[in-house]
Each structure stands twice: as C-alpha cells, then as structure tokens.
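Undergrad: UniProt numbering puts the first residue of the sequence shown at 1, with every later residue one more than the last.
Where a beta carbon is used, it is the ideal one built from N, C-alpha and C, also for glycine.
The model shown is predicted, which means the values in this text are computed figures rather than measured ones.
Okay, here's the structure, questions in a sec.
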Amino acid sequence: MNPMELAKHMTNHTAVLSALGYPGLSIWPITFYEDSIKSIVLAMRNANIKRFIGITSTYSKYQSIYPFMIRYLIRPIISRTLDSMFNMEQYLEKECQDLEYTIIRPPGLTNNSIIEQEVKVCENDYYFPDQSTVISIPRANVARFMLDILKDNKYIRQGIAIGMPKNTN
Numbered sequence: 001m002n003p004m005e006l007a008k009h010m011t012n013h014t015a016v017l018s019a020l021g022y023p024g025l026s027i028w029p030i031t032f033y034e035d036s037i038k039s040i041v042l043a044m045r046n047a048n049i050k051r052f053i054g055i056t057s058t059y060s061k062y063q064s065i066y067p068f069m070i071r072y073l074i075r076p077i078i079s080r081t082l083d084s085m086f087n088m089e090q091y092l093e094k095e096c097q098d099l100e101y102t103i104i105r106p107p108g109l110t111n112n113s114i115i116e117q118e119v120k121v122c123e124n125d126y127y128f129p130d131q132s133t134v135i136s137i138p139r140a141n142v143a144r145f146m147l148d149i150l151k152d153n154k155y156i157r158q159g160i161a162i163g164m165p166k167n168t169n
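Here it is, written out as structure tokens:
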C-alpha cells in the first residue's frame, strides 16, 4: 500500500475504518497486518486524520489461559495471521499515541444477516474469559458496531473483544 496514494483518498474525511483481511492460511510468517497499518497510519498523518477503527481477531495475543480447543486446535491453524494482527495492535499501542484508535477483536466472521441484538464488549481483552458469547458474528453486526462507536467516540486507545451473547432462553 502506497501511503501517499492512500492519503489522497483520505482528504476531507474524519476517520479511517479498516476491515482488511488476509486470504487463506499460511505456514510461513506473514506481515500483512503490520505492513498495512504502517501505510494506513502514515497516510492518516499526512491527511490529518486522528480517528482509526480497525478489526483484528479474538485470541490475537497468545495466552496460556485460553480454552484447550483454542490453544491446541484453532490457534495453531491460524497462528500466522493472528501473530501479524498482534503485531499490528502492538504498533498502534506503542507508536500511535497521537491517534484515537480502537482495535476491535471479533470472533469468526460470517456473512449471515444482521442479528438485532446488542453486541457484547469486553474492554482491554482478547476474548471473553466467561465464554458468554458465541463463536461467530455476522460481518453486518461488526460494521454497525464500528459505525456506532465512531459516532459515540467510544473505546479510544483500546483493544476490545466483541461478540454476540449466547442465547439465554
């Protein structure tokens, strides 16, 4: 991504929302997310934009407290992508204190219709320790959530896990 080219498209805007995704799995390290965020941030600074909302994923940071299935089955399969996401998050936290960023960490994304239910938030965490959410969320719910927090100016300089609550009926 060319930051100067990106900056041209950011002129006269107040925020950048990023939902970039890496296609497929890789057994080799990838740098997609950290490379992308560096270009985006440089373009934002050139265009004088302070607000950034971006998507990574739940479990982007490895922690030994994760459930067994996540640690030994799911995370190893997608670890290269999650590691690159975590590097992106670290870059924002360490190098971008001049920006008003929010990192959104949803579980698996689906193309299902929007669910008319409020999205649950776990602030400053990589997952829901109480396992109170389901394992997937419609992209439409994530998009609406991003627009809602942009409007409300919530979760500045934070990473948050989001999810749909488990059905309690």
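Which whole-angstrom value is the C-beta distance of residue 162 and residue 105, which I expect to be below 8 Å?
TA: Indexing the sequence shown from 1 puts residue 162 at position 162. Indexing the sequence shown from 1 puts residue 105 at position 105. Sure, about 7 Å apart at Cβ, within 8 Å.
Undergrad: Judging by CA-CA distance, which residue of 53, 91 and 108 is the nearest neighbour of residue 78?
TA: The residue you call residue 78 lines up with position 78 of the sequence shown. For the residues 53, 91 and 108, the minimum Cα distance to residue 78 belongs to 108.
Undergrad: Residue 52 bridges to which residues according to DSSP?
TA: By one-based count along the sequence shown, residue 52 stands at place 52. Answer by DSSP bridge pairing, in chain order: 16 and 101.
Undergrad: Name the DSSP bridge partner or partners of residue 120?
TA: The count along the sequence shown starts at 1 and reaches residue 120 at position 120. Answer by DSSP bridge pairing, in chain order: 163.
Undergrad: Taking only the alpha-carbon atoms, compute the straight-line gap between residue 42 and residue 146 and give it to the nearest angstrom.
TA: Residue 42 sits at position 42 when you count from the first residue of the sequence shown. Residue 146 sits at position 146 when you count from the first residue of the sequence shown. Roughly 22 Å between the two C-alpha positions.
Undergrad: Might you give, ordered along the chain, the residues of its own chain that have their beta carbon closer than 6 Å to the beta carbon of residue 20, omitting 5 neighbours on each side?
TA: For the purposes of this step, residue 20 is taken as the residue at position 20 of the sequence shown. Excluding residues within five positions, the ones whose Cβ falls inside 6 Å are 36.
Undergrad: Sorted by chain position, which residues of the same chain lie with C-beta nearer than 6 Å to residue 55's C-beta, five sequence neighbours on each side aside?
TA: If you number the sequence shown from 1, residue 55 lands on position 55. So the qualifying residues of the chain are 19 and 104.
Undergrad: Whose C-beta lies closer than 6 Å to the C-beta of residue 46 among residues of the same chain, with five residues either side of it excluded?
TA: Looking up residue 46 in the sequence shown gives position 46. 7, listed in sequence order.
Undergrad: For residue 110, which residues does DSSP report across the bridge?
TA: Translated into the one-based positions of the sequence shown, residue 110 becomes position 110. Looking at the DSSP assignment, residue 110 forms a beta bridge with 138.
Undergrad: Please report the straight-line C-alpha distance between residue 48 and residue 73, rounded to a whole angstrom.
TA: By 1-based counting over the sequence shown, the position of residue 48 is 48. By 1-based counting over the sequence shown, the position of residue 73 is 73. Cα-Cα distance, rounded: 43 Å.
Undergrad: Within 8 Å: the Cβ of residue 70 and any heavy atom of the ligand ATP?
TA: Absence of the ligand ATP from the depicted structure is noted, as is the absence of any ligand whatsoever, leaving it without description.
Undergrad: Tell me which same chain residues have a C-beta within less than 8 Å of the C-beta of residue 39, skipping the five on either side of it?
TA: For the purposes of this step, residue 39 is identified with residue 39 of the sequence shown, where counting begins at 1. The residues are 1, 2, 3 and 6.
Undergrad: Thinking C-alpha only, which one of 52, 57, 114 and 92 is nearest residue 128?
TA: Walking along the sequence shown from the start, residue 128 turns up at place 128. The candidate whose alpha carbon is nearest that of residue 128 is 57.
Undergrad: According to the neighbour-count rule (16 or more other Cβ atoms, all chains shown, within 10 Å of its Cβ), is residue 24 buried or exposed?
TA: Here residue 24 refers to the residue found at position 24 of the sequence shown. Label assigned to residue 24: exposed.
Undergrad: Is there a Cβ from chain D that is less than 9 Å from the Cβ of residue 113?
TA: You won't find chain D in this structure, because it holds only one protein chain.
Undergrad: Cα-Cα, which of 33, 22 and 13 is closest to residue 50?
TA: Counted from its first residue, the sequence shown places residue 50 at position 50. Here the closest residue by C-alpha is 13.
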